[in-house]
Amino acid sequence: MKTLEYVITDPLGIHARPAGELVKAAKDFRCTITLEKDGRCADCKSIFGIMALAVKKGNPVTFTFDGEDEEEAFRAVGGFVKENL
Amino acid sequence: MRRYSAKSVCQGVAVGTIYVYKKGQNTIKREKVTNADAELKRFEDAKRQAIAQLDQLYEKALKDVGEVNAGIFETHRMMLEDEGFNEAIRGIIETQLVNAEFAVARAGDHFAKVFADMEDEYMKARSADVKDISERVIRVLSGQDREISSFREPVIVVAEDLAPSETIQMDRDKVLSFVTVRGSANSHTAILARTMDIPALVNAAIDDLEAIDGKCAIVDAEEGTLIVEPEEDRLREALDKQERLAQKKELLKTLRGKETVTRDGRELLLYANIGSLKELGGVLENDAAGIGLFRSEFLYLERQDFPTEEEQFKTYKTAAEIMAGKRVIIRTLDIGADKKCDYFGLAKEENPAMGMRAIRICLSRPEIFKTQLRALFRAAAFGKIAVMYPMITGLNELQRIKAIVREVCDELDAQGIAYRLPEQGVMIETPAAVMMSEELAKEVDFFSIGTNDLTQYTLAIDRQNEALDDFYDAHHPAVLRMIRMVVENGHKAGIWVGICGELGADTTLTRTFLEMGVDELSVSSGKILPIRKIVRDYP
Numbered sequence: 123m124k125t126l127e128y129v130i131t132d133p134l135g136i137h138a139r140p141a142g143e144l145v146k147a148a149k150d151f152r153c154t155i156t157l158e159k160d161g162r163c164a165d166c167k168s169i170f171g172i173m174a175l176a177v178k179k180g181n182p183v184t185f186t187f188d189g190e191d192e193e194e195a196f197r198a199v200g201g202f203v204k205e206n207l
Numbered sequence: 018m019r020r021y022s023a024k025s026v027c028q029g030v031a032v033g034t035i036y037v038y039k040k041g042q043n044t045i046k047r048e049k050v051t052n053a054d055a056e057l058k059r060f061e062d063a064k065r066q067a068i069a070q071l072d073q074l075y076e077k078a079l080k081d082v083g084e085v086n087a088g089i090f091e092t093h094r095m096m097l098e099d100e101g102f103n104e105a106i107r108g109i110i111e112t113q114l115v116n117a118e119f120a121v122a123r124a125g126d127h128f129a130k131v132f133a134d135m136e137d138e139y140m141k142a143r144s145a146d147v148k149d150i151s152e153r154v155i156r157v158l159s160g161q162d163r164e165i166s167s168f169r170e171p172v173i174v175v176a177e178d179l180a181p182s183e184t185i186q187m188d189r190d191k192v193l194s195f196v197t198v199r200g201s202a203n204s205h206t207a208i209l210a211r212t213m214d215i216p217a218l219v220n221a222a223i224d225d226l227e228a229i230d231g232k233c234a235i236v237d238a239e240e241g242t243l244i245v246e247p248e249e250d251r252l253r254e255a256l257d258k259q260e261r262l263a264q265k266k267e268l269l270k271t272l273r274g275k276e277t278v279t280r281d282g283r284e285l286l287l288y289a290n291i292g293s294l295k296e297l298g299g300v301l302e303n304d305a306a307g308i309g310l311f312r313s314e315f316l317y318l319e320r321q322d323f324p325t326e327e328e329q330f331k332t333y334k335t336a337a338e339i340m341a342g343k344r345v346i347i348r349t350l351d352i353g354a355d356k357k358c359d360y361f362g363l364a365k366e367e368n369p370a371m372g373m374r375a376i377r378i379c380l381s382r383p384e385i386f387k388t389q390l391r392a393l394f395r396a397a398a399f400g401k402i403a404v405m406y407p408m409i410t411g412l413n414e415l416q417r418i419k420a421i422v423r424e425v426c427d428e429l430d431a432q433g434i435a436y437r438l439p440e441q442g443v444m445i446e447t448p449a450a451v452m453m454s455e456e457l458a459k460e461v462d463f464f465s466i467g468t469n470d471l472t473q474y475t476l477a478i479d480r481q482n483e484a485l486d487d488f489y490d491a492h493h494p495a496v497l498r499m500i501r502m503v504v505e506n507g508h509k510a511g512i513w514v515g516i517c518g519e520l521g522a523d524t525t526l527t528r529t530f531l532e533m534g535v536d537e538l539s540v541s542s543g544k545i546l547p548i549r550k551i552v553r554d555y556p
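Chains as they are written, first to last, in our numbering: chain A, 123 to 207; chain B, 18 to 556.
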């Protein structure tokens, strides 16, 4: 299992568009990818789940990667996160 | 004539016939099915078709409103493919053995409610997106996949609510305006209307939609009203307003982003006057080079007690940050007995215009002045703030101001609070200051001529007194001669001289001011571009 701690910098937070892009980045990996904020979690392959967390700028969040291709997912999705969120 | 108030989400004026848009009637019946697999397949097929429609809409939106706004249809597609949403629909079909329409409606309601219950306004508005996608699938399922009518004549579209997919399908040449009974400023329809630059209203208090269908109407999104069956003079007024707005827009297009430079290469500093942070939108829209007069009174008016240093600091800092390195000239408190500001405890005066006001209050009650200066100097560390003192008559006031400024700096230094000493200038608005301008110029960074008070003090005419209209001459040679004198004395000492009173915005005088060598004009935002045009044609 791998984790990534991150503080959101996008001024609008994870709104509909970046949530959609996050799903696009995550959905082709077999491992589970979870986004956690304040003890609440969402599946990164679900746009509703991510949006329902209402993540705002400055919120600390944790991404967890668990499964066979977790290394690759960590690199790809982690890279996306740092670049776009 | 009937008048409905509403909230404007995109400015402009439209005149035309109302077309009331009604959604297809989708009363969804719950029906028992025996074969869940067949129903699941119906759902999957309908979903695939709905996705194909969304892809088409995305392509159309990409052309019409650009990539950022088209993104909504990509988001819709992802929502439709959301595993949780699909799982919920399949679960309802399988466990309850019901028709796919009912299952989609149920799941859609559930997820729409999740968003509607969120605190965040933006997320709340997303429940409309969830409804939009479930309605799309239901329309495919029930074979009601109708086209949005293409209107022959351009119309004002009025609806209970509009989904983004409905908005985008309308032919933009045929839509004069959108008016919805529901909706919010954050809704995609509002965003799309702004991108398409079509006047739009939401939250319109219309009780009976049927009754206004096909009627002539005015949408005045400047005022936030829908007027159905207007009287003739009202109609003519609206058409005039539309014409004026069109001209303004044209001017915006051609002059925005251009420099305010004369043909012989002289630059004029063309700044805006504002009275609150809210007006900054207009400043940016009209492309001002800075703020030439930020009246700080609004911080003091309509309240029970003095604004705190922190409150003032935040306001000034925000202005400096929004103007991002452009000059923001803030005038210190200019309040007198004529303004309603009871907590100041000012005595009633016979002649407030010549009484205890502006810098006179600040110098008599330095604690008020110091709080404002501290806030200003601290905010100056965040941008190009300049400070301007009103109602100066000579060197005496200036020396007293400078002593207080030194105290403020010493205190901030001692407390280790970050600040920057901003540029400081004085308003020239008394005949005495004009006569003393040669001396004053050596002590300050700039002059700004306040023509309203200067005219009233020079001509000894109260502008509020209509009986004196016959004697009042806005272009009185005495005032113009004074302006010339101030400019010359300012330049002799190497400082710049501007005008921030109403005369500065008088386009019949712009060429005169350029000829005098005035360096800056500060005017209301709407006057920026008309003046820029004159400057660019000079000489």
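Glycine is no exception: its CB is placed at the ideal position from the N, C-alpha and C atoms.
- Rounded to the nearest whole angstrom, the C-alpha separation of Glu111 (chain B) and Ile89 (chain B) is 31 Å.
- By the neighbour-count definition (other C-beta atoms within 10 Å, threshold 16), Ser465 (chain B) is a buried residue.
- According to DSSP, residue pairing for Pro547 (chain B) in a beta bridge does not occur.
- Within the region 76–93 of chain B, the residues whose Cβ lies closer than 7 Å to any Cβ of chain A are, in chain order, Gly88, Glu91, Thr92.
- The C-beta of Glu100 (chain B) comes closer than 8 Å to at least one C-beta of chain A.
- DSSP lists B:Leu310 as the bridge partner or partners of Asn290 (chain B).
- Three or more beta-carbon pairs drawn from the region 97–109 of chain B and the region 164–181 of chain A are found closer than 8 Å, and the two stretches are therefore classed as touching.
- Gly200 (chain A) is outside the set of residues whose beta carbon lies under 8 Å from a beta carbon in chain B.
- Three or more Cβ pairs closer than 8 Å define a contact, and the region 483–494 of chain B falls short of that threshold against the region 442–454 of chain B.
- With a 10 Å radius around the Cβ and a threshold of 16 neighbouring Cβ atoms, Gly521 (chain B) comes out buried.
- When the alpha-carbon of Asp224 (chain B) is set against those of B:Met213, B:Ala217, B:Leu243, B:Ile215, the nearest one is in B:Leu243.
- Residue pairing by DSSP places Val404 (chain B) opposite B:Ile347, B:Gln441 in a beta bridge.
- Non-local beta-carbon contacts of Phe394 (chain B) in its own chain, meaning distances under 6 Å to residues more than five positions away in sequence, involve Tyr436 in chain order.
- In this structure, the straight-line span from the alpha carbon of Glu460 (chain B) to that of Ile421 (chain B) is close to 15 Å.
- Excluding the 5 residues flanking it on each side, Ile339 (chain B) has same chain C-beta neighbours closer than 6 Å at Leu297, in chain order.
- Using a CB distance cut-off of 8 Å, Arg162 (chain A) does not count as an interface residue toward chain B.
- With contacts defined by Cβ atoms closer than 8 Å, Leu310 (chain B) and Asn290 (chain B) form a contacting pair.
- Residue contact with chain A for Val131 (chain B): present (Cβ-Cβ distance below 8 Å to some residue of chain A).
- The criterion of a C-beta distance shorter than 8 Å is satisfied by Val172 (chain B) and Thr34 (chain B).
- Counting only residues of its own chain and dropping the five nearest sequence neighbours on each side, Lys509 (chain B) has a CB closer than 8 Å to the CB of Glu455, Ala458.
- In terms of Cβ geometry, Ala341 (chain B) and Leu294 (chain B) do not form a close pair [threshold 8 Å].
- Rounded to whole angstroms, the separation of the alpha carbons of Val30 (chain B) and Ile235 (chain B) is 7 Å.
- 8 Å or more divides the Cβ of Arg382 (chain B) from the Cβ of Met408 (chain B).
- In the three-state scheme derived from DSSP, where H, G and I count as helix and E and B as strand, Ser194 (chain B) is classed as strand.
- Here the alpha carbons of Thr325 (chain B) and Val278 (chain B) stand approximately 41 Å from one another.
- At least one C-beta of chain A is nearer than 8 Å to the C-beta of Tyr139 (chain B).
- Positions of the alpha helix (DSSP H) runs, each at least 4 residues long and wholly inside the region 124–162 of chain A, are given as 138–148 in order along the chain.
- A direct Cα-Cα distance of roughly 47 Å separates Met213 (chain B) from Glu190 (chain A).
- Among the residues facing chain A, Arg143 (chain B) is included, as its CB has a counterpart in that chain under 8 Å away.
- Chain A places no beta carbon closer than 8 Å to that of Met373 (chain B), leaving this residue out of the contacts.
- Between Met187 (chain B) and chain A, the shortest Cβ-Cβ separation is not below 8 Å.
- Taking Lys179 (chain A) as the centre and dropping the five residues before and after it, the same chain places the C-beta of Ile130, Thr131, Asp132, Pro133, Leu134, Gly135 closer than 8 Å to its C-beta, in chain order.
- Shown here, Ala477 (chain B) sits in coil according to DSSP, grouped into three states, outside any helix or strand.
- Cys233 (chain B): member of the beta strand (DSSP E) spanning 233–237, first to last residue.
- Contact between Lys24 (chain B) and Val219 (chain B) holds, since their C-beta atoms are separated by about 5 Å, short of 8 Å.
- Pairing Glu248 (chain B) with Met18 (chain B) gives a Cβ-Cβ distance under 8 Å.
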